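Have a look at the structure below, then the notes.
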Amino acid sequence: MDNLDHLPTCESCLKGKMTKKPFVGQSAIVNGLLDLVHTDVCGPLSIPARGGFSYFITFTDDHSRYDYVYLMRYKSEAFGRFKEYRLEVENQTNGKIKALRSDQGGEYLSGEFRDYLKENGILSQWTPPGTPQLNGVAERRKRTLLDMVRSMMSFTELPPSFWGYALETAAKLLNIAPSKSVPQTPYEIWHGKPASYKYLRVWGSPTYVKRLVGDKLDSRSSLCRFIGYPKETAGYYFYDPAEQKILVSRNAVFLEKGFPSDSRHDEVLIEESNEEPHRDTRHHLSLRFTLIVFQSSVGQLESLEYLIGTDSLG
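Under the UniProt record's numbering, read the sequence shown as residues 1 to 314, first letter to last.
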């Protein structure tokens, strides 16, 4: 009985009992910005966002956990989005992307994409089929973003097609929130300075936005909904339901007191089409995080470390 380790392999046992090898521990975070970037595509979602977007792609820097999110109409846009991402982040950081980790989705395996990575000295790290755990950073980020989007949408009267604005806002919040994976916020590691929280507003809240009126008797403001933060200009995104238009303005009064109500707490609006709706502790933590970070207009985020201390934030 001392030589059991030397018995020949039983092929019948392998056919009937073989299981996946366990994933033990997590790989260490790399040393520098852009040394490793995690990416994943999500979609198609059950309801297209405004603009016809049914997919989104994430790029997460391993060292800082700083995340970029891009909306897409088709999966085939992934290559173009990566080039856009690379141009921006390498210019911002004066660094170079050294490795890109993804699953083996067709959008990452195209000859055009693979040739581009080789020509620019970027190492491809493809995870084996059926092992999403090996792309865990991107998978968790995608899941957390979807949980936050569902939570944010459930507290507003906005149409489900506004999930794209909720998604971009959620990504912004995750970048400025503490994470158990890194010693500082992703924003601070990425930019080298703390983020400001004073401009944050409750997503979906009713607002009165100053109108550019010509007649002295016209109303001076319109009742809108706050839906996000423009990247290119100072101000906020608003939706005017009466005119069915998206506005950008910095002249607004936010009616945040008493919002959100609990009237639509349990309604799930957005699901990836190949997944069943689910609710778990990550959803509720994301919900609490979303509400508190929006309401911390003076930057008092001491309680966030506890609220988001979950692996869903990677």
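For every residue, glycine included, the Cβ atom is placed at its ideal position computed from N, Cα and C.
Small disclaimer: the values here were computed from a predicted structure and weren't measured.
Worksheet entry | Where Ser154 sits in the DSSP three-state scheme | The residue labelled residue 154 in the question sits at position 154 within the sequence shown. Residue state, collapsed to three classes: helix.
Practice prompt. Can you check DSSP and say which residues form a bridge with Lys210?
Written response: To locate residue 210, count along the sequence shown from 1; it is residue 210. Note: Lys210 sits in a beta bridge opposite Ser221.
Fill in: Of the listed residues Met153, Pro178, Glu157 and Leu174, nearest to Ala166 (C-alpha basis)
Residue mapping note: residue 166 aligns to position 166 of the sequence shown, counting from 1. Closest option to Ala166, Cα to Cα, is Met153.
Worksheet entry | Beta-carbon proximity list for Tyr66, same chain, < 6 Å, skipping 5 on both sides | To locate residue 66, count along the sequence shown from 1; it is residue 66. So the qualifying residues of the chain are Asn175, Pro186 and Trp190.
Item to complete: Out of Tyr70, Phe155, Leu145 and Pro206, point me to the one whose CA is closest to Gly241's CA.
Response: For the purposes of this step, residue 241 is identified with residue 241 of the sequence shown, where counting begins at 1. In the sequence on display, residue 241 carries Pro and not Gly. The candidate whose alpha carbon is nearest that of Pro241 is Pro206.
Discussion item. Just to confirm, is the Cβ distance from Met148 to Ala170 under 8 Å?
Written reply: Numbered from 1 along the sequence shown, position 148 holds the residue referred to as residue 148. Numbered from 1 along the sequence shown, position 170 holds the residue referred to as residue 170. Yes, these two residues count as a Cβ contact at 8 Å.
Worksheet item: Does DSSP put Pro103 in a helix, in a strand, or in coil?
Response: Numbered from 1 along the sequence shown, position 103 holds the residue referred to as residue 103. The identity of residue 103 in the sequence shown is Asp, whereas the question assumes Pro. Three-state result, Asp103: coil.
Fill in: Beta bridge counterpart(s) of His191 as assigned by DSSP
Along the sequence shown, read from residue 1 onward, the residue named residue 191 stands at position 191. In the DSSP output, where bridge partners are listed per residue, His191 has none listed.
Discussion item. Along the chain, where does the beta strand (DSSP E) containing Gln125 start, and where does it finish?
Written reply: Within the sequence shown, numbered from 1, the residue matching residue 125 stands at position 125. First-last of the beta strand (DSSP E) with Gln125: Leu123 to Trp126.
Worksheet item: Under the DSSP definition of a beta bridge, which residues are partnered with Ala252?
Response: Residue mapping note: residue 252 aligns to position 252 of the sequence shown, counting from 1. Listed as beta-bridge partners of Ala252 by DSSP are Val209.
Worksheet item: Considering Ile176, what are the terminal residues of the alpha helix (DSSP H) in which it resides?
Response: On the sequence shown, position 176 is the one that residue 176 refers to. Its alpha helix (DSSP H) spans residues Trp163 to Ile176.
Fill in: 7 Å CB neighbourhood of Asn135 in its chain, flanking five on each side removed
For this step, residue 135 is matched to residue 135 along the sequence shown. Once the five neighbours on either side are set aside, the close Cβ partners of Asn135 are His38, Asp40, Arg101, Ser102, Asp103 and Thr127.
Fill in: Gly228 (DSSP reduced to helix, strand or coil)
The count along the sequence shown starts at 1 and reaches residue 228 at position 228. Gly228 falls in the strand class under three-state DSSP.
Worksheet item: In the DSSP assignment, what residue or residues form a beta bridge with Ala49?
Response: In the sequence shown, the residue the question calls residue 49 occupies position 49. Per DSSP, Phe53.
Fill in: Assumed close pair Val248, Gly235 - CB separation to whole angstroms, cut-off 8 Å
If you number the sequence shown from 1, residue 248 lands on position 248. If you number the sequence shown from 1, residue 235 lands on position 235. Right, their Cβ atoms sit about 5 Å apart.
Worksheet entry | Phe82 beta carbon less than 8 Å from that of Glu112 | Your numbering for residue 112 matches position 112 in the sequence shown. Your numbering for residue 82 matches position 82 in the sequence shown. Against a cut-off of 8 Å, the Cβ pair of Phe82 and Glu112 comes out as no contact.
Worksheet item: Relative to the C-alpha of Asn46, which residue among Leu146, Glu107, Tyr116 and Phe155 is closest?
Response: Looking up residue 46 in the sequence shown gives position 46. Correcting the residue type first, residue 46 is Ser in the shown sequence and not Asn. Closest option to Ser46, Cα to Cα, is Leu146.
Item to complete: Can you have a look at Ser219 and say buried or exposed, based on whether 16 or more other CB atoms are within 10 angstroms of its CB?
Response: In the sequence shown, counting from the first residue as 1, residue 219 sits at position 219. Exposed, since its Cβ has fewer than 16 Cβ neighbours within 10 Å.
Worksheet entry | 8 Å Cβ cutoff met for Phe226 and Arg201 | If you number the sequence shown from 1, residue 226 lands on position 226. If you number the sequence shown from 1, residue 201 lands on position 201. Taking 8 Å as the Cβ cut-off, Phe226 and Arg201 qualify as a contacting pair.
Worksheet item: Is the CB-CB distance between Val182 and Ser64 below 8 Å?
Response: Position 182 of the sequence shown, counted from the start, is the residue given in the question as residue 182. Position 64 of the sequence shown, counted from the start, is the residue given in the question as residue 64. Yes, the pair counts as a contact, with Cβ atoms nearer than the cut-off.
Worksheet item: What residue range is occupied by the uninterrupted beta strand (DSSP E) comprising Asp40?
Response: The count along the sequence shown starts at 1 and reaches residue 40 at position 40. That run of the beta strand (DSSP E) goes Val37 to Cys42.
Practice prompt. Can you tell me which of Asp61, Phe56, Tyr55 and Gly51 puts its alpha carbon nearest to the alpha carbon of Asp35?
Written response: Position 35 of the sequence shown, counting from 1, holds the residue named residue 35. For the set Asp61, Phe56, Tyr55 and Gly51, the Cα lying nearest the Cα of Asp35 is the one of Asp61.
Worksheet item: Any idea what DSSP makes of Lys142, helix, strand or coil?
Response: For this step, residue 142 is matched to residue 142 along the sequence shown. Of the three classes helix, strand and coil, the one that applies to Lys142 here is helix, per DSSP.
Worksheet entry | Tyr74 - DSSP class collapsed to helix/strand/coil | Walking along the sequence shown from the start, residue 74 turns up at place 74. In the three-state reduction of the DSSP assignment, Tyr74 falls in the coil class.
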